[in-house]
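> Once you've had a glance at the structure underneath, I'll fire off some questions.
There are 2 protein chains.
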Amino acid sequence: MNAYVYGYGPEGKERLIVVDLGVTFPDMDTTPGVDLIMADLAWLEENVDRIDAIFITHAHEDHIGALPHWWPRLRKPVYARKFTARIGTMKLEEAGHPSDTVTVVEPRPQVIEAGPFKVQFVPLSHSIPESSALLIDSPAGRVVHTGDFKLDGNPIVGEPFDPLLWHEIAHEAGGVKVLVCDSTNVFSPNPGRSEATLAEPLRDFIAAQKGMVVATTFASNIARLKTLAEAGRAAGRSVCLLGRAMKKMVAAAEETGVLTGMPGTVSPEEALEIPRENLLLLVTGSQGERRAATAQLSRGKYLGLELKSGDSFLFSSRVIPGNERPVIRIINNFSEMGVDVFDDTSGLYHVSGHANRPDLEAVHDLLRPKILIPMHGEHRHLRKHAKIARAKGIAAEVATNGTMLDLSGEAPRVVEYIEAGRTYLDGSVLIGSMDGVVRDRIRMALNGQVLITVIIDEDDQPLGEPWVEMVGLPTRGRTGMDLTKQIEEELADFLERASEKIIASDEKLDEAMRRISRQVTMEEIGKKPEVVVVVSRLMAE
Amino acid sequence: MNAYVYGYGPEGKERLIVVDLGVTFPDMDTTPGVDLIMADLAWLEENVDRIDAIFITHAHEDHIGALPHWWPRLRKPVYARKFTARIGTMKLEEAGHPSDTVTVVEPRPQVIEAGPFKVQFVPLSHSIPESSALLIDSPAGRVVHTGDFKLDGNPIVGEPFDPLLWHEIAHEAGGVKVLVCDSTNVFSPNPGRSEATLAEPLRDFIAAQKGMVVATTFASNIARLKTLAEAGRAAGRSVCLLGRAMKKMVAAAEETGVLTGMPGTVSPEEALEIPRENLLLLVTGSQGERRAATAQLSRGKYLGLELKSGDSFLFSSRVIPGNERPVIRIINNFSEMGVDVFDDTSGLYHVSGHANRPDLEAVHDLLRPKILIPMHGEHRHLRKHAKIARAKGIAAEVATNGTMLDLSGEAPRVVEYIEAGRTYLDGSVLIGSMDGVVRDRIRMALNGQVLITVIIDEDDQPLGEPWVEMVGLPTRGRTGMDLTKQIEEELADFLERASEKIIASDEKLDEAMRRISRQVTMEEIGKKPEVVVVVSRLMAE
């Protein structure tokens, strides 16, 4: 997830612009039950009066996903190119915000003035239309913020990489002072391949299949969807889009004029009437998302459509590290159905949307920045990118989350670390990652839970016996006896013998009963569960 | 995890032998809080009188890990080669079982007679010493059960692959009727490489590093440890083993004579006194296991030892699919420390322990079985392996968990599906995967929990107001009010208005209060939590 802030002005009073407001996705290991993860923008909220604008480089979730959640707290002008703006506006409208929040910007030469900054959007290719670098000029010099990019001379959809344009940018306005640069593929040693190289292999692949063909890729990879659809049509197949996200993305691309010449598609209902060997389904869920079309098809029907033995499934995508488990599960489900699964291991059916190491070096050489700040990627990617830059005599610094750099000198200088945690969207609420909510969930999941209810009467005497409920725990252990009853008996024994002082204190009762119940479970089942004790005290009326 | 059963005899009265009793490891997504996962052997327990013996092919956890948990329920003779037997005995002893449970077997020509079966252990190479195929002869013909294997002419530790021996096996006793064969690497298109090819690259790598070198691999990969230790010594470094599992494995290998010529090592205390550029640490935790040495070093000190900027960390291993997340986290931690991390992407520092596709085909051609049953691997691997066999005219069948095959005819025939689920070791208790224990944990983790306590007096009247506790839920939502209080108020309102009939029924009270509390949380925070309602009824005394 991404969120960058640039500032210019007297120390502590700099005017600010924000670049990108992205999300990342939760997992069971660290964030069970959470819906979305975004940066904690507390510092921006505190300094909201200093913010002049928000710029969105492109419409991938890790760059735009937090807009509907954070915009209401910042309420500043938002600038993006037309396709990105359309996606952003849809998100804002769904969250109930005004539809005129995002201002559509044309690419360079249009200049947006935001406080002391002059900002231009410069087209670069990526796996979504209109991904743009930002040219950020201020009295301190020119910053190129690349966003996500690759160097593609024929990206199928959108503008090709234009070396002359970048040459111009490198040579005007005193040259590029700072390059803030994508680092995702810094470990990929070979030059990146063009989106256009996929057309022929995909056409050959689809033409060679006998049954129904189903292909998945990112819903926002409009160029890939077009290439796949054209390959399907060339093989005489009707094309059907499955999955809400994909249909929305294609519609947005067509409405904004970014996508033209997309072959016509059929609806799922129409697809049901077409012989399977004449069908190509393009579906969501390349990362194994549980509710997306791919996962649903791997479990059975989706809108009446179903894979069968002899059909083919193509992942025209790569698995983002961390998503391997659900994707593997899906592949095995398809295997059990007798469906042949193809993925990107052959190198024929997917290309990355990020610049590889030689492409990054070409950009360094083209722009000749004085300073390079690597971004996008894990720490190891940033560190590697900084090393490469330094080896060329470019000053570089790895900036971890929350780092504030002074870029006005000859080399970047860390001036402050801002507390920059994570904010979770949990249901409809934003909570802090350190609030303890998720920690408690993880503990319940790992340890199970024991609930103890005890009633103390008006005379500080236990009324009846303690009541125990267990959730997520084995019911019997070592002795084979009912564990709930065992805990209840131990607690009843304890209450019988407990001093008045203990019974009078909620805290002491809680502590003792917690300890006893954990002792019993440890002996019986070898686990120390989470314990909640509810002491109800009857009051003399 | 693995567990195979072979039977011979009249239908329903076959005498049985068991091959391997393995475990697999839990994850947060599907098995939070679980310690180990093993096959549900209910069918074997029901038919325990028909079992004559248990054979263990090698000492990897997915082949031997369930032995201490299942042996007490089966109590049959266990056979293994000496290193495997030593590991098995250690596990059984730790669980309090007799130390003479496992019988040590020499490789072919020794024959173990078990009911109608004559079984020989035939050496094959793998990433652990002594991995063996089983030659299982019965009146119905010869079965070769490969276990995990690769074809390695120079495995550093243990016997090299011996084609003459296998030629002999293929040509005696009427030839091989059934090949039950490892399929793990069926998608790897190139011939596998020998363990011996790593010696030079590892020596060069370690010699080239300036700071401390830390290398991880599987604790049981004795050959790799020896190669690494020798490379360390060649570079003038003292070698230190870190991690309980690694020390145990090396000790077992030396005690059983499997490992000889291992360079001497220093203790962690001694290592602290040695300059870091003269040290090589061999550590556990190549899969990112939280408590292993690698993960601990990535978080700070381990037994006083600590990595620093300029040190090097080598993964002489590959990441098992599904373990990417913790491994990536570790690599980034090291990156933040300024440690250079190297992995197997260069192909120089790790080789697989499994036969690749050309090696598998070589085995097919050498053994010329009538029937092939693919094993080891996911469904897609088994399906691919069966396809390859069929293309050569070998009858093949994919047998999913619980499938019983008749192998006595010309082709395998499915005769029964046995309910074969999973058993979890949870703390010290074995529970069934369908018992609902883990399901409840997952629900608590995803949805959070609301606990409601209400007291009903002797006259069926609510006594005081309902009490609510929340665990793992945001405390405030849409209205900004305290959510616990809001639920309590709604429940109090409800109880005030509730009919006697409802209040008299635990079930109706439970249902209504559950519904109300979920309504409130849904409105306030957009989540429907798990709810536990405890109704305490005071009895007239």
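Chains A and B are the protein sequences, given in the same order. Using my numbering, read the first sequence as starting at 84 and increasing by one per residue. Using my numbering, read the second sequence as starting at 84 and increasing by one per residue. Glycine residues also receive a C-beta, built at the ideal position from the N, C-alpha and C atoms. Remember, predicted model here, so these are calculated numbers, not experimental data.
Can you tell me whether SER182(A) is buried or exposed, with buried defined as 16 or more other CB within 10 angstroms of its CB?
Indexing the first sequence from 1 puts residue 182(A) at position 99. By the neighbour-count rule (16 or more Cβ atoms within 10 Å), SER182(A) is not buried but exposed.
> Are any of the Cβ atoms in chain A nearer than 7 Å to that of LYS610(B)?
Looking up residue 610(B) in the second sequence gives position 527. It does; some Cβ of chain A falls within 7 Å.
> Could you give the DSSP three-state label for GLN379(A): helix, strand or coil?
What you label residue 379(A) is simply residue 296 of the first sequence in a count that begins at 1. In this structure, GLN379(A) counts as helix in the three-state DSSP scheme.
> Can you list, in chain order, the residues of the stretch 491 to 520 of chain A whose Cβ is nearer than 7 Å to any Cβ on chain B?
Answer in chain order: ASP509, GLY510, SER511, VAL512, ILE514, VAL520.
> Check the C-beta distance from TRP153(A) over to MET121(A) and give it rounded, since I have them as a contact under 8 Å.
For the purposes of this step, residue 153(A) is taken as the residue at position 70 of the first sequence. For the purposes of this step, residue 121(A) is taken as the residue at position 38 of the first sequence. That belief holds up - the Cβ atoms of TRP153(A) and MET121(A) are roughly 7 Å apart, short of 8 Å.
> So for LEU124(B), helix, strand or coil by DSSP?
Along the second sequence, read from residue 1 onward, the residue named residue 124(B) stands at position 41. Coil.
> According to DSSP, simplified to helix, strand and coil, what is GLN532(A)?
Against the first sequence, residue 532(A) aligns to sequence position 449. Looking at GLN532(A) - three-state DSSP - the assignment turns out to be strand.
> Would you identify the three-state DSSP class for VAL520(B), choosing helix, strand or coil?
Along the second sequence, read from residue 1 onward, the residue named residue 520(B) stands at position 437. Here VAL520(B) sits in helix by DSSP.
> Spell out a yes or no on whether the stretch 425 to 445 of chain B and the stretch 317 to 332 of chain B are touching, meaning 3 or more CB-CB pairs, one atom from each, closer than 8 Å.
No contact exists between the stretch 425 to 445 of chain B and the stretch 317 to 332 of chain B.
> Taking the alpha helix (DSSP H) that ASP423(A) belongs to, which residues open and close that run?
The residue given as residue 423(A) occupies position 340 in the first sequence. Where ASP423(A) is concerned, there is no enclosing alpha helix (DSSP H), although the beta strand (DSSP E) it sits in stretches over 423 to 425.
> Name, please, each residue of chain B whose Cβ falls closer than 8 Å to the Cβ of GLU461(A).
Taking the first sequence and counting its residues from 1, one reaches residue 461(A) at position 378. Result: ILE411, ILE414, ASN415, SER418.
> In chain order, what residues of the same chain have a beta carbon less than 6 Å from the beta carbon of LEU364(A), not counting five sequence neighbours either side?
Start at 1 with the first residue of the first sequence, and residue 364(A) comes out as number 281. Here the set comprises VAL297, CYS323, LEU325.
> Using 10 angstroms around the beta-carbon of ARG463(A), count the other beta-carbons present and answer buried if the total reaches 16, otherwise exposed.
Position 380 of the first sequence holds residue 463(A). Buried: at least 16 other Cβ atoms inside 10 Å.
> Of all the CB atoms in chain B, is at least one closer than 7 Å to the CB of MET111(A)?
The residue given as residue 111(A) occupies position 28 in the first sequence. True, the Cβ-Cβ gap to chain B drops below 7 Å.
> Would you call SER582(B) buried or exposed, if buried means 16 or more other Cβ atoms sit within 10 Å of its Cβ?
Start at 1 with the first residue of the second sequence, and residue 582(B) comes out as number 499. It is exposed - the Cβ of SER582(B) has fewer than 16 other Cβ atoms within 10 Å.
> Would you kindly check if the distance between the Cβ of VAL520(B) and the Cβ of GLY555(A) is under 7 Å?
Taking the first residue of the first sequence as position 1, residue 555(A) is located at position 472. Taking the first residue of the second sequence as position 1, residue 520(B) is located at position 437. Result yes, Cβ atoms of GLY555(A) and VAL520(B) sit closer than 7 Å.
> Compare the Cα-Cα distances from LEU455(B) to each of ASN304(B), VAL226(B), ASN273(B), ASP231(B) and report the closest residue.
Against the second sequence, residue 455(B) aligns to sequence position 372. Of the candidates ASN304(B), VAL226(B), ASN273(B), ASP231(B), the one whose C-alpha sits nearest the C-alpha of LEU455(B) is VAL226(B).
> For VAL616(A) and GLN602(A), I'd like the C-alpha separation in whole angstroms.
Here residue 616(A) refers to the residue found at position 533 of the first sequence. Here residue 602(A) refers to the residue found at position 519 of the first sequence. Distance between the alpha carbons of VAL616(A) and GLN602(A): 15 Å.
> State yes or no: is the beta carbon of ARG401(A) nearer than 7 Å to at least one beta carbon in chain B?
For the purposes of this step, residue 401(A) is taken as residue 318 along the first sequence, with counting starting at 1. Judged by the 7 Å Cβ criterion, ARG401(A) is not in contact with chain B.
> At a Cβ cut of 8 Å, what residues of the stretch 143 to 163 of chain B count as close to chain A, listed as they run along the chain?
Listed by position along the chain: nothing, the set is empty.
> Contact criterion: CB-CB distance below 7 Å. Does GLY563(A) meet it with respect to chain B?
As a working note, residue 563(A) is residue 480 in the first sequence. So, not an interface residue.
> Candidates GLY531(B), THR339(B), PRO115(B), PRO346(B): which alpha carbon is nearest PRO557(B)'s?
In the second sequence, the residue the question calls residue 557(B) occupies position 474. Taking only the C-alpha atoms, the option nearest PRO557(B) is GLY531(B).
> With a cut-off of 7 Å, does the C-beta of MET329(A) fall near any C-beta of chain B?
On the first sequence, residue 329(A) is found 246 positions in, with the first residue counted as 1. Closer than 7 Å: no.
> What residues in the stretch 379 to 390 of chain A bring their beta carbon closer than 9 Å to a beta carbon of chain B?
Under the 9 Å Cβ criterion, the stretch 379 to 390 of chain A contributes no residue.
> ASP532(B) touches chain A at which residues, Cβ-Cβ below 8 Å?
On the second sequence, position 449 is the one that residue 532(B) refers to. The displayed chain sequence assigns Gln, not Asp, to residue 532(B). Those within 8 Å of GLN532(B) in chain A are MET527, GLN532, VAL554.
> Grab me the residues of THR186(B)'s own chain with a C-beta within less than 7 Å of its C-beta, minus the 5 sequence neighbours each way, in chain order.
As a position in the second sequence, residue 186(B) is number 103, starting the count at 1. Hits under 7 Å: PRO160, VAL161, TYR162.
> Rounded to the nearest angstrom, how far is the Cβ of VAL341(B) from that of GLU213(B), given a contact under 8 Å?
Within the second sequence, residue 341(B) is the residue found at index 258, counting from 1. Within the second sequence, residue 213(B) is the residue found at index 130, counting from 1. 6 Å between Cβ atoms; contact.
> So if DSSP puts ILE137(A) in a beta bridge, which residue, or which two residues, is it bridged to?
Indexing the first sequence from 1 puts residue 137(A) at position 54. According to DSSP, ILE137(A) bridges with VAL101(A), VAL161(A).
> Quickly, what does DSSP pair LEU321(B) with across the bridge? List them, please.
Reading the second sequence from its first residue, position 238 is the one you call residue 321(B). According to the sequence displayed, residue 321(B) carries Ser and not Leu. SER321(B) is bridged to LEU362(B).
> Buried or exposed: which applies to LYS165(B), given that a residue is buried once 16 or more other Cβ atoms fall within 10 Å of its Cβ?
Translated into positions along the second sequence, residue 165(B) becomes position 82. With 16 or more other Cβ atoms within 10 Å, it is buried.
> Are the C-beta atoms of ASP123(B) and some chain A residue less than 7 Å apart?
As a working mapping, residue 123(B) is identified with position 40 in the second sequence. No, its Cβ sits nowhere closer than 7 Å to a Cβ of chain A.
> Should SER369(A) go down as buried or exposed, given a rule of 16 or more other Cβ atoms within 10 Å for buried?
Taking the first residue of the first sequence as 1, we reach residue 369(A) at position 286. Answer is buried; the Cβ neighbour count reaches 16.
> Among all the DSSP beta bridges, which residues are the ones paired with HIS228(A)?
Your numbering for residue 228(A) matches position 145 in the first sequence. Partner(s): LEU217(A), VAL263(A).
> Below 8 Å, can you find three or more Cβ-Cβ pairs linking the stretch 233 to 242 of chain B to the stretch 403 to 423 of chain B?
Because the criterion of three Cβ pairs below 8 Å is not met, the stretch 233 to 242 of chain B and the stretch 403 to 423 of chain B do not touch.
> Could you say which of VAL102(A), ILE305(A), LEU546(A), THR483(A) lies nearest to ALA335(A) if we only look at CA atoms?
Indexing the first sequence from 1 puts residue 335(A) at position 252. Among VAL102(A), ILE305(A), LEU546(A), THR483(A), the Cα nearest to that of ALA335(A) is on ILE305(A).
> As a quick exercise: from ALA528(A), ASP509(A), ARG526(A), GLY504(A), pick the residue whose alpha carbon is nearest that of MET517(A).
One-based indexing of the first sequence puts residue 517(A) at position 434. Measuring from the Cα of MET517(A), the nearest candidate turns out to be GLY504(A).
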